[in-house]
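Numbering (the numbering used here), first residue to last: 4 to 257.
Here's what the structure looks like:
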């Protein structure tokens with residue numbers, strides 16, 4: 004029965020991934036980014052260096068000596084989480100100056116495929132689930148796929164209601180689209196729920212400043228975010244830029 008429940012949960016998550024992926028986008032989660040440089044790897048979370056494909060194998064062959072520690076922290080999903088690292092590399096490359104539109108889209112879609120792979124293989128207690136969904140939402144914003152971006156941000160919030168980055172990311176997108184009032188209203192619940200989170204409060208001030216400078220456009224009601232929990236934030240976030248929808252949500256939590 005436990006095995007059946009686990010399998011059902013996996014397929015439910017896979018179904019959500021497929022709905023988020025959208026028509027016409029191929030899942031490119033099988034191949035790692037080619038020729039990853041030392042500089043690119045240095046930008047990744049520290050645990051990526053112990054994941055498979057980064058000089059080490061899986062749980063059965065050429066295992067990193069530090070892998071057992073990361074498994075104790077992240078659970079067995081650690082053995083699928085290298086795709087998260089791959090996605091970060093693809094997104095970094097997609098933002099390089101002078102990259103052509105087709106290559107940029109190819110890289111972003113590949114990153115989304117990697118994020119989908121992680122979610123489809125994640126256990127219910129995987130601690131990075133909200134971050135993976137948030138980064139997926141950011142990638143969709145850069146493709147201009149706003150409905151899928153919002154769905155990903157909502158999935159991040161549902162997985163951990165007091166994880167504030169998805170609130171901030173979507174609020175920044177709304178503000179950059181000229182919907183300043185909606186953007187500030189959207190992030191307000193989490194700001195009130197976590198009054199002692201210094202980084203969140205700083206982000207809120209940045210959003211307010213962006214809202215004052217944003218153009219005023221026709222407003223439509225945004226989906227109301229679920230009521231946040233009362234726990235503290237588990238991730239820091241980079242500064243929010245409101246230079247357009249893609250720029251607004253492209254800041255990456257570290």
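Quick reminder that beta carbons are idealized off the backbone N, C-alpha and C, glycines included. From a predicted model like this one, the values you see are computed outputs, not experimental measurements.
C-beta atoms of residue i and residue j nearer than 8 Å
i	j	result
residue 79	residue 126	yes
residue 85	residue 135	no
residue 140	residue 129	no
residue 66	residue 58	no
residue 49	residue 83	no
residue 117	residue 96	no
residue 37	residue 90	no
residue 197	residue 167	yes
residue 178	residue 123	no
residue 115	residue 159	no
residue 53	residue 73	yes
residue 70	residue 81	yes
Buried or exposed (CB count within 10 angstroms, at least 16 for buried), residue i
i	result
residue 106	exposed
residue 144	buried
residue 41	exposed
residue 27	Any reading at residue 27 needs caution, since the residue's pLDDT is 35, under 50, leaving its predicted position unreliable; the model's value is listed next. Per the 10 Å Cβ criterion, exposed.
residue 34	exposed
residue 172	buried
residue 47	buried
residue 110	buried
residue 113	buried
residue 199	exposed
residue 205	exposed
residue 216	exposed
residue 189	buried
residue 64	exposed
residue 170	buried
residue 195	exposed
residue 164	buried
residue 175	buried
residue 162	buried
Residue-level contact to chain C via CB, residue i, 8 Å cutoff
i	result
residue 57	The structure shown contains no chain C, having only a single protein chain.
Segment limits, alpha helix (DSSP H) that includes residue i
i	result
residue 62	Element bounds for residue 62: n/a, residue is neither H nor E.
residue 110	104-123
residue 133	132-146
residue 71	70-77
residue 99	Neither: residue 99 is in no alpha helix (DSSP H) and is coded neither H nor E.
Near the ligand ATP: residue i beta-carbon under 7 Å from a heavy atom
i	result
residue 146	Although the ligand ATP was asked about, the structure shown includes no ligands whatsoever.
Which full runs of the beta strand (DSSP E) of 3+ residues lie inside the region 155-230, going along the chain? none
Would you call the region 182-189 and the region 145-152 touching, i.e. three or more CB-CB distances under 8 Å? no
Taking the runs of the alpha helix (DSSP H) that are 4 residues or longer, which of them lie wholly in the region 30-57? 41-45
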